[in-house]
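If you're matching them up, the sequences are chains W and B in order.
Here my numbering is used: the first residue of the first sequence is 184, the next is one more, and so on.
Here my numbering is used: the first residue of the second sequence is 184, the next is one more, and so on.
The beta-carbon is built from N, C-alpha and C at its ideal position, and this holds for glycine as well.
Here the structure is a predicted model, which is why all the values come from computation and not from measurement.
Protein chains: 2
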Amino acid sequence: MSIEAEAARKSIGAKRSLESAEAILEAAEAVLIENGYSGFSIEAVARRARAGKPTIYRWWPSKTALLLEVYQRQKRDITYPDTGGIEEDLFIFARSLFAQWRDTPAGDIFRSLVAEAQQDPAAAEALAEYSAGRRAHTGKLIERAKARGEVAADVDPSQVADMVSSYAWVHLLTGRLDEDEAMLRRAIRHIVHGIAVRR
Amino acid sequence: MSIEAEAARKSIGAKRSLESAEAILEAAEAVLIENGYSGFSIEAVARRARAGKPTIYRWWPSKTALLLEVYQRQKRDITYPDTGGIEEDLFIFARSLFAQWRDTPAGDIFRSLVAEAQQDPAAAEALAEYSAGRRAHTGKLIERAKARGEVAADVDPSQVADMVSSYAWVHLLTGRLDEDEAMLRRAIRHIVHGIAVRR
């Protein structure tokens with residue numbers, strides 16, 4: 184959930200609203216499973232959660248914002264490893280992202296979200312916020328590697344996360360999630376070690 | 184144009200069909216400018232080019248295939264430099280792609296094409312074929328650097344092209360084409376030299 188949504192939720196107070204938010208998210212998940220992406224709507228979620236539409240909109244400014252949180256909950260299995268080596272950490276992370284998109288409905292949901300963001304400004308905003316959050320989160324792997332002295336001090340962690348996730352996004356968007364692991368490892372290795380001949 | 188479309192065109196013979204193809208592409212370009220992406224259709228192009236729909240479909244298997252060729256023609260200004268240094272070559276290429284997408288209608292057209300490919304299998308196929316062709320083309324920059332001994336022999340040129348263009352695609356798709364040049368250069372540098380501390 185976004186910081187604003189979190190703040191809004193807190194402002195209406197404590198336990199009750201946390202339960203409502205959870206109920207809405209569960210209803211949204213059920214609607215998505217039953218109706219698919221194209222049949223997903225705030226109306227359907229409100230009906231199922233027995234909540235008012237204004238309550239939902241108070242916490243999620245758009246359908247896409249709500250969908251992204253449902254998507255993120257489904258994607259809990261993504262691995263953010265801590266092997267002590269940045270190449271291995273990033274490879275395991277990227278491999279788990281490929282697998283999740285390839286082997287579960289999460290991939291199709293995310294493709295639809297990206298498509299919607301190209302056509303609808305509210306969706307674009309929600310996707311931009313979501314992906315910035317993801318870059319910051321994945322960036323923690325690189326921050327740790329900087330702290331270990333493994334990665335150069337002037338490297339921007341979220342940019343490296345951006346490079347890894349962009350590679351994954353475009354594989355999703357062009358139907359290439361079946362790329363073999365050796366290729367994926369090479370991509371990660373290029374970012375970590377570069378392609379230039381060592382002199 | 185795809186190899187198959189090229190072959191099909193040749194099989195119906197010489198000059199006349201090349202002229203027709205050119206006329207259709209020009210008509211398609213005009214329709215796109217006048218009607219925008221959402222108003223673009225094979226029917227409209229056929230009317231404008233005074234061609235039959237079957238003629239168009241003989242060369243372009245889908246609306247998206249035709250749109251991608253029009254898009255590619257508009258994108259002629261993309262620079263594939265040969266400065267003698269791979270970092271500079273890739274940076275200039277990526278910067279020109281960012282600029283073209285940011286400053287001309289090409290960016291919105293391509294966003295729409297990517298969105299359509301998430302919803303329509305024929306569009307997905309056309310985009311997959313197109314992007315494979317682009318990776319091979321951009322890969323030539325890396326092939327030259329390999330020939331110069333600047334890039335390691337086991338590097339896959341089209342994979343490096345993939346990494347650079349994926350970074351650009353996701354910036355387009357998440358509204359971040361205004362990223363400053365220094366950041367873009369760092370992304371390219373990470374691929375060329377890596378992020379690891381040199382020991």
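The contact set of glutamate 326 of chain W on chain B, defined by CB atoms closer than 7 Å, is empty, because the minimum CB distance reaches about 12 Å. Neighbours of histidine 376 of chain W in chain B, taken as residues whose beta carbon is under 8 Å from its own, are Gly377 and Ala379 in chain order. Against chain B, the CB of glutamine 257 of chain W has no partner CB under 9 Å away; the residue lies outside that interface.
In the DSSP annotation of this structure, the continuous segment of the alpha helix (DSSP H) that includes glycine 290 of chain B starts and ends at 289-300. Between the alpha carbons of alanine 319 of chain W and aspartate 345 of chain W lies a gap of roughly 9 Å.
Taking each of B/Glu202, B/Arg285, B/Ala328 and B/Thr238 in turn and checking the Cα distance to lysine 258 of chain B, the smallest one comes out for B/Arg285. Looking at the DSSP output, alanine 379 of chain W bridges to B/Val334.
With a threshold of 9 Å between beta carbons, isoleucine 269 of chain B makes contact with chain W.
Pairing proline 244 of chain W with glutamate 308 of chain W gives a Cβ-Cβ distance under 9 Å. In the DSSP assignment, tryptophan 352 of chain B falls within the alpha helix (DSSP H) that extends over 340-356. Segment contact: the segment 369-379 of chain B against the segment 289-303 of chain B, fewer than three CB-CB distances shorter than 8 Å; contact not assigned.
In this structure, the alpha-carbon of tyrosine 254 of chain W lies about 45 Å from that of glycine 267 of chain B.
Using a Cβ-Cβ distance cut-off of 8 Å, the segment 268-284 of chain B and the segment 223-241 of chain B are not in contact, since fewer than three pairs of beta carbons, one from each stretch, lie closer than that value. Around the beta carbon of tyrosine 263 of chain B, fewer than 16 other beta carbons sit within 10 angstroms, so the residue counts as exposed. One Cα belongs to threonine 357 of chain W, the other to leucine 310 of chain B, and the distance between them is close to 7 Å. Residues of chain B whose Cβ lies closer than 8 Å to the Cβ of tryptophan 352 of chain W are, in chain order, Ser349, Trp352, Val353 and Leu356. Between threonine 321 of chain B and valine 338 of chain B, the C-beta gap is not smaller than 9 Å, which leaves the two residues out of contact. Excluding the 5 residues flanking it on each side, leucine 251 of chain B has same chain C-beta neighbours closer than 8 Å at Leu296, Ala309, Leu310 and Tyr313, in chain order. In the three-state reduction of the DSSP assignment, phenylalanine 223 of chain B falls in the coil class, being assigned neither a helical nor a strand state. Taking a Cβ-Cβ threshold of 9 Å, the residues of chain B close to leucine 310 of chain W are Leu356, Thr357 and Gly358, in chain order. Using a Cβ-Cβ cut-off of 9 Å, serine 245 of chain W does not count as an interface residue toward chain B, since no Cβ of chain B sits closer than that to its own.
What arginine 294 of chain B touches in chain W, judged by beta-carbon distance under 7 Å, is Gln301, going in chain order. DSSP places serine 279 of chain W inside the alpha helix (DSSP H), whose first and last residues are 269-286. Contact of serine 224 of chain B with chain W by beta-carbon distance below 8 Å is absent, the smallest such distance being about 17 Å. Residue-level contact check: alanine 248 of chain W does not touch chain B, since none of the beta carbons of chain B fall below 9 Å from its beta carbon. Tyrosine 240 of chain B carries a helical assignment under DSSP once its states are collapsed to helix, strand and coil. Boundaries of the alpha helix (DSSP H) around alanine 248 of chain W: 246-257.
Under the Cβ distance rule, glutamine 342 of chain W counts among the residues neighbouring chain B, one pair being separated by less than 9 Å. Counting only the Cα atoms, arginine 368 of chain W lies some 10 Å from glutamate 362 of chain W. Secondary structure at alanine 307 of chain W: helix, using DSSP grouped into helix, strand and coil. By the neighbour-count criterion, in which a residue is buried when 16 or more other Cβ atoms sit within 10 angstroms of its Cβ, glycine 332 of chain W is exposed. Pairing proline 288 of chain B with arginine 231 of chain B, the inter-Cα distance amounts to about 21 Å.
For alanine 229 of chain W, the closest of W/Asp272, W/Glu202, W/Ile261 and W/Val214 by C-alpha to C-alpha distance is W/Val214. Against chain W, the beta carbon of histidine 373 of chain B has neighbours under 7 Å at Val343, Met346 and Ile374, listed in chain order. Leaving aside the five residues that flank glutamine 342 of chain B on each side, none in its chain has a CB nearer than 6 Å to its CB.
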